[in-house]
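Chemist: For the sequence shown, this note's numbering assigns the number 39 to the initial residue and increments by one for each residue that follows.
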Amino acid sequence: MDRSFSVGSRLRALRKERDLTQRELAGQAGVSSNAISLIERGQISPSVATLHNLATALNVKMSYFFDEDVQTDILHIRASERSVLESRGVMIESIGKRLHGQELEPFFISLAPESKSGDRHVIHSGHEFVYCVRGTVEYEIDAKVYVLNEGDLLLFEAELPHHWRNPTEETVELLLVLQTPGGSNDSIRRHFSSYPSLPHVG
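Given below as C-alpha cells:
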C-alpha cells in the first residue's frame, strides 16, 4: 500500500483560500517563494520546520496537511492507515484524526541517522510531550540540550524555543504529542462549511 502523502495541492488550496500570493506566504512563513512553488508542484517535500512555519503562517494545525478532519468520539487507526510525510530523513506519521474537542495532536516520528527537525527553532502555544521509543535523540529546549534514550520522555512548555536531532548512526523513533489549546472547532465547521481548512485553525 502506497502511504506517501503530498502536501502540495493542499498548500495551494489553503493559500488561495487565504487569498495570498506565493510571495506573501513566503514572507509570512520565512521561506523562499521558490520553495513554496516547488512544494505546491510536488517537486520537493517540506522539512518539519518548514511545514510547521507554513502551518503557523496559515493559522492551521500541522495535521491539516496529513488527513481529512473527521469528527468522531473514538479513533482506532491501524498502522497501515496512517498518513505519512517523508523529507530529508524524517518520517512523520499522523496518528490522530479528530475527536470532539480534541486538544492533542499525536505524531509518530522516525529519524534517520544525523537527521533533524530543521535549522530553525520551533515555538508554539501549549505543551509538547516526547517519548523516545527507540534510539537516542537530542532535544534542545531554550538553549539547553536534553538527551533522550529509549523509554525517556520530555514534557515542556512549547513556547520555549526548541528543536531536535538524531546525533547517532541508528534510526530513532519518537512519539510526539502536541497540545493545541482550545482545540474544539465545531462552531467554525458549522458556520464555515465552505472553508475546509477552518476546522484545523489552531
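Virtual Cβ for every residue (Gly too), placed ideally from N, Cα, C.
All values reported here derive from a predicted model rather than from experimental measurement.
If you count every other CB in all the chains shown that lies within 10 Å of the CB of E166, and 16 or more means buried, which is it?
Modeler: Locating residue 166 in the sequence shown gives position 128, counting from the first residue. Looking at its Cβ environment, which holds 16 or more other Cβ atoms inside 10 Å, E166 is buried.
Chemist: Under the three-state reduction of DSSP, which class applies to L198: helix, strand or coil?
Modeler: Locating residue 198 in the sequence shown gives position 160, counting from the first residue. Coil, per DSSP.
Chemist: Identify every residue that forms a DSSP beta bridge with H165.
Modeler: In the sequence shown, residue 165 corresponds to position 127, counting from 1. Answer by DSSP bridge pairing, in chain order: E195.
Chemist: If you draw a straight line from the alpha carbon of L58 to that of S71, how long is it in whole angstroms?
Modeler: The sequence position of residue 58 within the sequence shown is 20, counting from 1. The sequence position of residue 71 within the sequence shown is 33, counting from 1. Near 12 Å, if we compare the C-alpha coordinates of S71 and L58.
Chemist: Which class does K54 belong to by DSSP, given the choice of helix, strand or coil?
Modeler: Working through the sequence shown from its first residue, we reach residue 54 at position 16. Helix.
Chemist: So for V69, helix, strand or coil by DSSP?
Modeler: In the sequence shown, residue 69 corresponds to position 31, counting from 1. Three-state DSSP puts V69 in coil, outside helix and strand.
Chemist: Take R203 and list the residues in its own chain whose beta-carbon comes closer than 6 Å to its own, dropping the five residues that flank it on each side.
Modeler: By one-based count along the sequence shown, residue 203 stands at place 165. Correct list, in chain order: K154, E176.
Chemist: Based on the DSSP secondary-structure assignment, which residues constitute the bridge partners of K182?
Modeler: Indexing the sequence shown from 1 puts residue 182 at position 144. Answer by DSSP bridge pairing, in chain order: I179.
Chemist: Is it true that the CB of L137 sits closer than 8 Å to the CB of S111?
Modeler: One-based indexing of the sequence shown puts residue 111 at position 73. One-based indexing of the sequence shown puts residue 137 at position 99. Contrary to the premise, residue 111 reads as Asp rather than Ser in this sequence. Their beta carbons are under 8 Å apart, which means D111 touches L137 by this criterion.
Chemist: I believe C170 touches L193 by the beta-carbon criterion, under 8 Å. Please report the beta-carbon distance rounded to the nearest angstrom.
Modeler: The count along the sequence shown starts at 1 and reaches residue 170 at position 132. The count along the sequence shown starts at 1 and reaches residue 193 at position 155. The pair is not a contact, with the Cβ atoms about 13 Å apart (cut-off 8 Å).
Chemist: Where do the N-terminal and C-terminal ends of the alpha helix (DSSP H) with L89 fall, by residue?
Modeler: Within the sequence shown, the letter at position 51 stands for residue 89. First-last of the alpha helix (DSSP H) with L89: 86–95.
Chemist: Can you tell me whether P151 is buried or exposed? The criterion is at least 16 other CB atoms within 10 Å of its CB, across all chains shown.
Modeler: Against the sequence shown, residue 151 aligns to sequence position 113. Answer is exposed; the Cβ neighbour count stays below 16.
Chemist: According to DSSP, is I77 helix, strand or coil?
Modeler: Locating residue 77 in the sequence shown gives position 39, where the first residue counts as 1. I77 falls in the helix class under three-state DSSP.
Chemist: Classify L113 as buried or exposed, calling it buried when 16 or more other Cβ atoms lie within 10 Å of its own Cβ.
Modeler: Locating residue 113 in the sequence shown gives position 75, counting from the first residue. Exposed.
Chemist: According to DSSP, is Q217 helix, strand or coil?
Modeler: The count along the sequence shown starts at 1 and reaches residue 217 at position 179. Note: Q217 maps to strand in three-state DSSP.
Chemist: Assign I82 to one of three DSSP states: helix, strand, or coil.
Modeler: For the purposes of this step, residue 82 is taken as the residue at position 44 of the sequence shown. Three-state DSSP puts I82 in coil, outside helix and strand.
Chemist: Rounded to the nearest angstrom, how far is the Cβ of S75 from that of Q60, given a contact under 8 Å?
Modeler: Taking the first residue of the sequence shown as position 1, residue 75 is located at position 37. Taking the first residue of the sequence shown as position 1, residue 60 is located at position 22. Contact flag correct, Cβ pair sits at about 6 Å.
Chemist: Would you kindly check if the distance between the Cβ of L214 and the Cβ of F145 is under 8 Å?
Modeler: As a position in the sequence shown, residue 145 is number 107, starting the count at 1. As a position in the sequence shown, residue 214 is number 176, starting the count at 1. Contact: yes.
Chemist: Just to confirm before moving on: does the CB-CB distance between L92 and A51 stay below 8 Å?
Modeler: The count along the sequence shown starts at 1 and reaches residue 92 at position 54. The count along the sequence shown starts at 1 and reaches residue 51 at position 13. Against a cut-off of 8 Å, the Cβ pair of A51 and L92 comes out as no contact.
Chemist: So who's on the other strand from S148, going by DSSP bridges?
Modeler: Locating residue 148 in the sequence shown gives position 110, where the first residue counts as 1. Answer is M129, E211.
Chemist: Give the straight-line distance between the Cα atoms of K182 and H159, rounded to the nearest whole angstrom.
Modeler: Here residue 182 corresponds to residue number 144 of the sequence shown, with the count starting at 1. Here residue 159 corresponds to residue number 121 of the sequence shown, with the count starting at 1. Looking at the two C-alpha atoms, the distance is approximately 12 Å.
Chemist: Would you kindly check if the distance between the Cβ of H201 and the Cβ of T94 is under 8 Å?
Modeler: Counting from one through the sequence shown, the residue named residue 94 turns up at place 56. Counting from one through the sequence shown, the residue named residue 201 turns up at place 163. No, the Cβ-Cβ distance between T94 and H201 is not below 8 Å.
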